[in-house]
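Those letters in the sequence shown? Residues 1 to 298, by UniProt numbering. Worksheet: one structure, shown below.
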Amino acid sequence: MSVTVRVPAKVNVQLAVGAARPDGFHDLANVFLAVGLYDEVTATPSAEGLRITCSGPDAGEVPLDRTNLAARAALALAERHDRAPDVHLHIAKDIPVAGGMAGGSADGAGALVACDALWGTGASREELLEICAELGSDVPFSLVGGAALGTGRGEKLQVLEVGGTFHWVFAMAGRGLSTPAVFREFDRLNEGVRIPEPVAAQELLDALAKGDAEALAAAVSNDLQPAALSLFPELADTLAAGRAAGALTGLVSGSGPTTAFLAKDAAAATEIARALLASGTCRSARAAQAPAPGATVI
Ligand code: C5P
Numbered sequence: 001m002s003v004t005v006r007v008p009a010k011v012n013v014q015l016a017v018g019a020a021r022p023d024g025f026h027d028l029a030n031v032f033l034a035v036g037l038y039d040e041v042t043a044t045p046s047a048e049g050l051r052i053t054c055s056g057p058d059a060g061e062v063p064l065d066r067t068n069l070a071a072r073a074a075l076a077l078a079e080r081h082d083r084a085p086d087v088h089l090h091i092a093k094d095i096p097v098a099g100g101m102a103g104g105s106a107d108g109a110g111a112l113v114a115c116d117a118l119w120g121t122g123a124s125r126e127e128l129l130e131i132c133a134e135l136g137s138d139v140p141f142s143l144v145g146g147a148a149l150g151t152g153r154g155e156k157l158q159v160l161e162v163g164g165t166f167h168w169v170f171a172m173a174g175r176g177l178s179t180p181a182v183f184r185e186f187d188r189l190n191e192g193v194r195i196p197e198p199v200a201a202q203e204l205l206d207a208l209a210k211g212d213a214e215a216l217a218a219a220v221s222n223d224l225q226p227a228a229l230s231l232f233p234e235l236a237d238t239l240a241a242g243r244a245a246g247a248l249t250g251l252v253s254g255s256g257p258t259t260a261f262l263a264k265d266a267a268a269a270t271e272i273a274r275a276l277l278a279s280g281t282c283r284s285a286r287a288a289q290a291p292a293p294g295a296t297v298i
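Pasting the structure below:
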């Protein structure tokens with residue numbers, strides 16, 4: 001008997017970053033959109049305690065110890081329900097690793113839902129969301145999917161309406177970027193600058209609600225983009241290549257280094273992905289639609 005959960009990647013269509021807080025985190029206005037690139041987490045009973053395995057092109061870069069968010073999710077649920085974390089978690093990885101697309105967060109949310117179903121824990125949605133928020137700022141959104149505004153560290157979610165399908169292309173970079181390093185670079189670049197309170201842009205929320213790709217393209221923003229470009233200047237070439245191929249807009253996804261391009265339709269997305277790959281400015285390029293559902297048992 002085993003349980004498999006499919007969990008989407010995300011792109012941040014707006015990432016407004018406030019000043020560093022005393023706890024080192026930053027207050028955000030983070031508009032998440034789940035996209036149709038998925039990891040699958042399979043939980044199977046194990047006689048030898050907690051075990052993690054991973055498959056997929058980037059499997060070698062995924063830690064298999066207790067720093068993996070999937071492991072931490074299983075341990076957190078087992079501890080709360082006073083049971084042994086005897087589970088084998090297999091991650092079939094398709095979301096880029098250290099890419100700014102919440103791949104690690106997806107695995108945490110997926111493992112939590114999979115263990116809850118396998119163990120018959122019967123945790124409420126509120127409890128699952130609470131554990132997700134303890135695991136990381138982006139993990140609650142991986143559970144919920146669709147589109148949502150995240151405030152606080154990004155973990156307090158308000159579900160958003162999406163009125164249509166958006167066609168995206170993602171360009172994967174040749175190396176990863178560490179999220180804490182990008183936030184540190186944000187702090188360094190903004191030293192001495194008065195940073196306003198982060199707020200979600202109304203035009204952006206309206207564009208999502210209408211399903212209007214051109215309006216969304218005009219409204220997207222990412223306050224971490226200058227920091228990601230400062231640490232990874234070659235990303236400017238990828239952004240230029242995607243725009244030259246007809247993207248309505250291009251931006252760094254979250255803390256990067258994956259770059260995200262909005263296309264006017266599915267045919268344009270296929271062409272942008274082809275041109276990005278041919279440009280030699282990225283490792284791979286994939287088209288994906290949004291919104292996608294959150295963590296789902298399959
Ligand atoms: O919450 P999570 O573990 O995903 O955050 C990873 C790192 O990203 C944090 O340690 C912090 O450096 C940075 N971060 C932040 N402000 C946020 C979210 C993350 O500074 N709102």
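For glycine and all other residues, C-beta sits at the position ideal for the given N, C-alpha and C.
Contact test: residue i Cβ vs the ligand C5P heavy atom, cutoff 7 Å
i    : result
H88  : no
P141 : Looking at the sequence shown, residue 141 is not Pro but Phe. Not under cutoff, so the answer is no.
L28  : yes
G99  : no
P22  : no
S137 : yes
P63  : no
F183 : yes
R153 : yes
T179 : yes
F170 : no
F25  : yes
Residue i and residue j closer than 8 Å at C-beta
i           : j    : result
residue 313 : S142 : Any question about residue 313 goes unanswered here, given that the chain covers just 1 to 298.
L149        : S105 : no
A171        : T270 : no
L135        : D116 : no
A102        : A215 : no
V5          : A295 : yes
A227        : E185 : yes
G49         : D82  : no
A78         : I195 : no
Span of the alpha helix (DSSP H), counted from its first residue to its last, around residue i
i    : result
I195 : Counting along the chain, I195 falls outside any alpha helix (DSSP H), and DSSP gives it neither H nor E.
V182 : 179-189
T238 : 235-244
T270 : 266-279
Status (buried if at least 16 other CB within 10 Å, exposed otherwise) for residue i
i    : result
D58  : buried
T258 : buried
L37  : buried
D23  : exposed
I91  : buried
Limits of the beta strand (DSSP E) - the one that residue i falls within
i    : result
A295 : It is not in any beta strand (DSSP E) - A295 carries neither H nor E in the DSSP assignment.
Going residue by residue through the segment 78-143, where are the continuous alpha helix (DSSP H) segments of at least 4 residues, counting only ones entirely within it? Listed in chain order, the alpha helix (DSSP H) runs fully inside the segment 78-143 are 103-119, 125-135, counting runs of at least 4 residues.
Residue ranges of each alpha helix (DSSP H) run of no fewer than 4 residues wholly in the segment 5-91, ordered along the chain? The segment 5-91 contains these whole alpha helix (DSSP H) runs: 69-80.
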